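Student: Using the UniProt record's numbering, the letters of the sequence shown map in sequence onto residues 1 to 555.
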Amino acid sequence: MLYSISAAASRGCRRYMEDRVVIELMRDENKEIDGIFVAVLDGHGGPEASSYVKEHLWPILQSTPGFESTDSEAVLKAMKATFLQIHEEMKDVHVSWPSRANGFPSTAGTTVSCALIRHGKIYTAHCGDSRIVLVRETSMGFSHTDLTADHKPEDHKELARIERDGGSVSRVSLVPRVMWVRRHSDRTESVPFLSIARSLGDYWSFVPTTMKYAVSPEPDLDVRPLTSKDKYLVLITDGITHVIKSAQIADHMWEAHPGVRNNRVRNPARYLLQKTIAGWRNLKSDNMSILCIGFHSTARDPYAPLQPTKEFSVDVKLSLEQHLTASPRSIALVSNLSQRFVDPELDSLSIKVNSEDYTQKFRGPGFADQSESDEEEEETDEDQDEHLDRPLYVYERHSIRVEREVNANGEEFDSIDEFDEEIVRSLEAAGPNAANQPVRVLNVHAERRHYLMNGSLNGEVNEKTVETKTLTKLDFETSDEVDPDVEKRVRTPDRSLIFDVDEKETSILEESGIDKEESLVDEEKLSKKNRKRPSSAMASDNNIQLKVKRCSDGN
């Protein structure tokens with residue numbers, strides 16, 4: 001069997017990234033795959049608990065008696081024992097975690113939803129409201145089965161257990177929460193506190209009279225056979241399930257499945273994250289983390305046409321987590337015979353401009369592939385030869401394209417079509433664009449702005465730009481065709497396009513903090529008869545084509 005493994009995460013609108021993920025690949029002495037272990041952890045009250053569990057979950061599970069057994073019950077008992085052991089051992093270190101602002105000890109805790117794929121079975125252990133969804137193939141597409149049930153205080157079984165263990169639940173703004181009985185020197189007070197019923201590390205919920213935790217660390221356990229109809233195992237934190245239902249997850253996995261849409265290959269985890277971020281819209285989004293494990297036949301490898309960006313011998317012990325953190329767009333593909341990484345969303349593009357070579361992997365808005373460009377105007381050989389010494393203008397297929405991968409809200413787009421609708425609408429509202437009249441671009445370049453969406457993979461709590469490269473940065477030569485004093489060019493700091501701006505003051509200038517007087521274009525000089533328009537030009541490689549032509553701005 002071939003396993004595809006992808007991961008994606010976003011801090012959302014939260015100040016801190018408290019989600020963590022775990023990805024482990026096991027091979028036996030014959031280098032054959034012995035199992036895959038994955039987990040998502042959704043921390044609360046700080047990242048301390050989720051970080052601790054991330055570090056200790058897998059080592060403790062491996063050393064727990066029964067884990068190596070082929071007996072399903074023994075493996076499940078080992079998984080349960082691991083949860084309880086971590087909960088008890090973490091108690092000793094939790095006293096050193098930062099106290100709350102009110103002086104009470106740390107209330108950091110974490111959900112844990114983990115899965116072990118081994119010996120033709122899927123084992124799951126689960127505490128909290130993160131979720132594990134099995135996506136299966138049907139005659140009508142994909143369907144879903146929830147392998148976990150959210151542990152919420154409003155659930156009848158959970159409410160009965162909480163009350164049986166000495167706890168209580170109260171509603172705040174219609175949200176049921178487990179009560180925290182806070183003990184002061186002269187009194188006690190009950191505070192509605194946590195909206196989940198099970199987790200690891202919530203020691204504040206201990207009830208002395210029953211010697212139980214109102215927020216229980218005991219996991220639900222399950223095992224089922226892995227069948228040929230099973231296509232994806234998806235692990236997600238509640239930042240996803242607040243917006244995307246399990247049935248929608250199956251639909252999105254179908255859309256991302258290789259060969260479904262024009263033979264295009266998508267990164268399933270990143271595609272689901274993109275759909276989730278779009279669903280949050282103006283709401284304050286939570287931390288979001290996704291792990292997708294795909295099950296494919298090695299005889300019909302759907303990723304075979306893609307050249308691997310990295311390939312390793314099966315003798316090499318892979319850190320999938322490390323590689324997916326360094327290359328967040330990649331999909332890890334592992335089988336008994338191979339282990340490699342592919343990047344389905346980026347194609348190699350090589351362009352020569354002014355006798356300098358620039359090579360950068362890029363696919364996104366502003367670039368058209370071979371099939372998209374067939375309907376556009378053809379160029380002569382003369383045009384292709386001359387383009388090296390001329391200013392280039394990116395051809396805009398629909399209307400404005402902002403040449404970057406992440407917009408102001410952090411949303412990522414896979415293709416021109418997906419990018420077009422939302423962003424063009426917002427730019428039209430801002431004023432510098434009218435339908436089918438692209439804004440003129442004065443530089444041809446591709447900025448690779450990698451905002452660290454995978455904060456949970458390496459523990460980073462802040463989004464940051466990890467790479468910014470310019471694909472083509474043109475030096476406009478002074479000539480009779482373009483007089484440098486004729487026009488002033490302005491590049492808005494929050495866009496990857498450079499705009500010619502007329503005398504009308506637009507909101508995009510105001511938002512960018514650009515002085516109107518510094519951005520005016522002398523239209524009389526621009527209309528000089530002697531000023532020639534650059535001809536169309538083209539640069540292509542590996543079925544990627546840049547159509548370039550002069551575009552006028554519109555208001």
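Glycine included, each C-beta is placed from N, C-alpha and C at the ideal position.
All figures in this text were calculated on a predicted structure; none of them were measured in a lab.
Please work out which residues of its chain come closer than 7 Å, Cβ to Cβ, to W204, disregarding the five sequence neighbours upstream and downstream, and give them in chain order.
Tutor: Once the five neighbours on either side are set aside, the close Cβ partners of W204 are T107 and W180.
Student: Is I331 near the ligand FAD, going by C-beta to nearest heavy atom under 8 Å?
Tutor: Because no ligand of any kind appears in the structure shown, any question about the ligand FAD cannot be addressed here.
Student: Tell me which residue opens and which closes the beta strand (DSSP E) that W204 is part of.
Tutor: Segment: none, W204 is in no beta strand (DSSP E) and carries neither H nor E.
Student: May I have the straight-line CA-CA distance separating R20 from F193, to the nearest angstrom?
Tutor: Going by the C-alpha atoms only, they are around 22 Å apart.
Student: Tell me which residues share the same chain as P268 and place their Cβ nearer than 7 Å to its Cβ, disregarding the 5 neighbours each side in the sequence.
Tutor: Taken in chain order, the residues that qualify are S6, Y232, M253, A256, C292 and G294.
Student: Would R136 and T64 be called neighbours here (beta carbons separated by less than 9 Å)?
Tutor: No, these two residues do not count as a Cβ contact at 9 Å.
Student: Based on DSSP bridge pairs, tell me the residues matched to W180.
Tutor: Partner(s): V191.
Student: If we count Cβ pairs, one from each stretch, closer than 8 Å, do we get three or more for the stretch 268-277 versus the stretch 146-154?
Tutor: No contact exists between the stretch 268-277 and the stretch 146-154.
Student: Kindly confirm or deny that the stretch 236-249 and the stretch 318-337 touch, where touching means at least three C-beta pairs closer than 8 Å.
Tutor: Too few Cβ pairs lie closer than 8 Å, so no.
Student: Counting Cβ pairs closer than 8 Å, one from the stretch 127-134 and one from the stretch 154-170, do we hit at least three?
Tutor: Cβ pair count under 8 Å is below three, so no.
Student: Need the endpoints of the beta strand (DSSP E) that A7 sits in, please.
Tutor: Element bounds for A7: L2 to S10.
Student: Along the beta strand (DSSP E) that carries D19, what are the first and last residues, could you check?
Tutor: Counting along the chain, the beta strand (DSSP E) containing D19 begins and ends at D19 to R27.
Student: List the endpoints of the continuous beta strand (DSSP E) containing G35.
Tutor: Element bounds for G35: I33 to H44.
Student: First and last residue of the alpha helix (DSSP H) that includes I249?
Tutor: Element bounds for I249: S246 to A256.
Student: To which residues does DSSP link H126 through a beta bridge?
Tutor: Beta-bridge pairing links H126 to S113 and D220.
Student: Considering Cα atoms alone, identify which of E29, E18 and D34 is closest to Y3.
Tutor: Closest option to Y3, Cα to Cα, is D34.
Student: Can at least three beta-carbon pairs, one atom from the stretch 67-85 and one from the stretch 156-164, be found at a separation below 8 Å?
Tutor: No: fewer than three Cβ pairs fall under 8 Å.
Student: Taking DSSP as the reference, what is the three-state secondary structure of H94?
Tutor: Residue state, collapsed to three classes: helix.
Student: Does the Cβ of residue 566 have 16 or more other Cβ atoms within 10 Å, making it buried, or fewer, making it exposed?
Tutor: There is simply no residue 566 to check, as the chain begins at 1 and stops at 555 in what is shown.
Student: Spatial neighbours of H126 within its chain, please: CB distance less than 6 Å, with the 5 preceding and 5 following residues excluded, ordered by chain position.
Tutor: Excluding sequence neighbours, H126 sits near S113, T148, P219 and D220.
Student: Are F341 and K310 touching if we call contact CB-CB under 9 Å?
Tutor: Their beta carbons are under 9 Å apart, which means F341 touches K310 by this criterion.
Student: Using the Cα positions of S330 and P344, report the straight-line distance between them to the nearest angstrom.
Tutor: Using only the alpha carbons, I get a separation of about 7 Å.
Student: How many angstroms separate the CA atom of P59 from the CA atom of E88?
Tutor: Looking at the two C-alpha atoms, the distance is approximately 16 Å.
Student: For L84, tell me which candidate among R14, G46, E48 and S199 has the shortest Cα-Cα distance.
Tutor: That would be S199, whose Cα lies nearest to the Cα of L84.
Student: I need the DSSP call for K212, collapsed to helix, strand or coil.
Tutor: The answer is strand: DSSP assigns K212 an E or B state.
Student: So, F37 versus L116, is the Cβ gap smaller than 9 Å?
Tutor: Against a cut-off of 9 Å, the Cβ pair of L116 and F37 comes out as a contact.
Student: At what residues does the alpha helix (DSSP H) containing K231 begin and finish?
Tutor: First-last for K231: D230 to I236, but that is the beta strand (DSSP E), not the alpha helix (DSSP H).
Student: In terms of alpha-carbon separation, which member of D315, D155 and G46 lies closest to N30?
Tutor: N30 has its Cα closest to that of D315, out of D315, D155 and G46.
Student: Taking just the CA atoms, how far does G66 sit from A278?
Tutor: Going by the C-alpha atoms only, they are around 44 Å apart.
Student: Would G12 and G109 be called neighbours here (beta carbons separated by less than 9 Å)?
Tutor: Not in contact: G12 and G109 (Cβ atoms no closer than 9 Å).
Student: With which residues is H144 paired in a DSSP beta bridge?
Tutor: According to DSSP, H144 bridges with V135.
Student: My understanding is that residue 614 touches I290, with C-beta atoms under 8 Å, so please give their C-beta distance in whole angstroms.
Tutor: Lying before the first or after the last residue shown, residue 614 is absent from the chain, which here runs from 1 to 555.
Student: On the three-state DSSP scale, how would you describe H156?
Tutor: Three-state DSSP puts H156 in a helix.
Student: What are the uninterrupted segments assigned as beta strand (DSSP E) that are 3 or more residues long and contained completely in the stretch 267-306, given in chain order?
Tutor: Runs found: 288-296.
Student: From S285 to R15, what does the alpha carbon distance come to, in whole angstroms?
Tutor: Computed Cα separation, rounded: 11 Å.
Student: Where do the N-terminal and C-terminal ends of the beta strand (DSSP E) with S170 fall, by residue?
Tutor: Per DSSP, S170 belongs to the beta strand (DSSP E) from V169 to V172.
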